[in-house]
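Peer 1: Here it is, the structure in full.
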């Protein structure tokens with residue numbers, strides 16, 4: 001492979017996925033092919049790195065190909081979408097969600113060439129984000145979370161705080177809590193510039209929900225207001241993270257300081273200053 005496109009092949013049937021990935025890998029304009037066997041795995045890959053185009057089946061268990069394409073319309077760098085299916089009755093719906101092409105199985109080489117040309121044309125008007133290391137900030141707007149075989153899409157801006165559970169993370173959002181197979185360290189690096197702050201080895205918080213800090217017996221606690229189905233909460237702040245948290249709360253333009261929520265029942269710190277949103281007296 002000597003091309004420039006990084007593509008993702010998505011199909012829930014292993015033989016079909018193998019064939020699709022092979023055909024794509026042989027194309028001269030494609031430099032790398034990544035695979036996913038369902039829409040949830042595809043979203044994880046799309047959130048992890050920059051993908052130029054997605055070649056995907058329509059009928060898949062859980063989130064369908066059409067639904068996945070709809071989610072991709074919210075990405076800041078949206079990959080081109082090419083549907084690859086054995087059914088010819090979904091073409092109108094496919095183009096309604098912005099597909100650049102619609103391939104029928106079995107795939108003919110000439111049609112694949114045409115699809116790749118359309119992808120290249122679509123990408124020519126789009127600026128590819130800078131890649132750092134082997135990943136890129138995809139501005140992950142949604143996180144897929146599976147509950148009872150159903151994929152729920154959790155918007156990032158509904159998440160108030162994240163709790164580490166081994167190699168998993170529990171998202172506490174407006175709709176409740178969701179366990180996802182993503183390490184908290186990954187979310188920290190991805191979301192830091194989106195208004196989130198790591199406060200402890202086990203916790204990541206949205207700065208917009210912070211209503212104050214307090215100290216008790218030398219420990220620092222951060223107070224978060226209620227957020228939909230997620231109740232107001234106090235979380236411990238590690239000594240190493242305390243000063244950075246206070247600094248970001250004072251200067252971060254993405255949040256506006258609010259008075260403490262009565263549900264927390266926490267008095268302000270002694271020596272707190274209104275000018276700094278109640279943070280001046282916090283102890284390290």
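In this note's numbering, the protein residues as written are 1 to 284. For every residue, glycine included, the Cβ atom is placed at its ideal position computed from N, Cα and C. Please read these numbers as outputs of a predicted model, since none were measured by experiment.
For residue 240, does the count of other Cβ atoms within 10 angstroms reach 16, so buried, or fall short, so exposed?
Peer 2: exposed
Peer 1: Tell me which residues share the same chain as residue 38 and place their Cβ nearer than 8 Å to its Cβ, disregarding the 5 neighbours each side in the sequence.
Peer 2: Taken in chain order, the residues that qualify are 10, 12, 60, 61, 62, 63.
Peer 1: If contacts are defined as beta-carbon pairs under 8 Å, then residue 122 and residue 94 qualify, I think. What distance do you get, rounded to the angstrom?
Peer 2: Actually they are not in contact, since the Cβ atoms of residue 122 and residue 94 sit about 14 Å apart, beyond 8 Å.
Peer 1: Among 146, 118, 214, 187, which residue has its Cα nearest to the Cα of residue 202?
Peer 2: 187
Peer 1: According to the Cβ coordinates, are residue 147 and residue 118 closer than 7 Å?
Peer 2: no
Peer 1: Are the CB atoms of residue 33 and residue 66 within a distance shorter than 7 Å?
Peer 2: When the beta-carbon positions are compared, residue 66 and residue 33 stay at least 7 Å from each other.
Peer 1: Thinking C-beta only, is residue 223 closer than 7 Å to residue 209?
Peer 2: no
Peer 1: Determine whether the beta carbon atoms of residue 24 and residue 7 lie at a separation below 7 Å.
Peer 2: Yes, the pair counts as a contact, with Cβ atoms nearer than the cut-off.
Peer 1: Since residue 246 and residue 194 are thought to touch, with beta carbons under 8 Å apart, how far apart are those beta carbons, to the nearest angstrom?
Peer 2: Not a contact, Cβ separation roughly 19 Å.
Peer 1: Which of the three DSSP states is assigned to residue 73 in this structure?
Peer 2: coil
Peer 1: Sort out for me which residues DSSP pairs residue 285 with in a bridge.
Peer 2: Because residue 285 is not part of the residues shown, which for the chain are 1 to 284, the question remains open.
Peer 1: Once the 5 residues before and after residue 86 are set aside, which same chain residues still bring their CB inside 6 Å of it?
Peer 2: 105
Peer 1: Which runs of the beta strand (DSSP E), 3 residues or longer, sit entirely within the stretch 7-65?
Peer 2: 30-36, 53-56
Peer 1: Flag this pair as yes or no: are the beta carbons of residue 169 and residue 182 separated by less than 7 Å?
Peer 2: yes
Peer 1: Assuming residue 36 and residue 45 are in contact, meaning their beta carbons sit under 8 Å apart, how far apart are those beta carbons, in whole angstroms?
Peer 2: 6 Å
Peer 1: From 51, 89, 248, pick the residue whose C-alpha is nearest to that of residue 72; which is it?
Peer 2: 51
Peer 1: What residues in its chain sit with their C-beta under 6 Å from that of residue 228, if we drop five residues either side in the sequence?
Peer 2: Around residue 228: 174.
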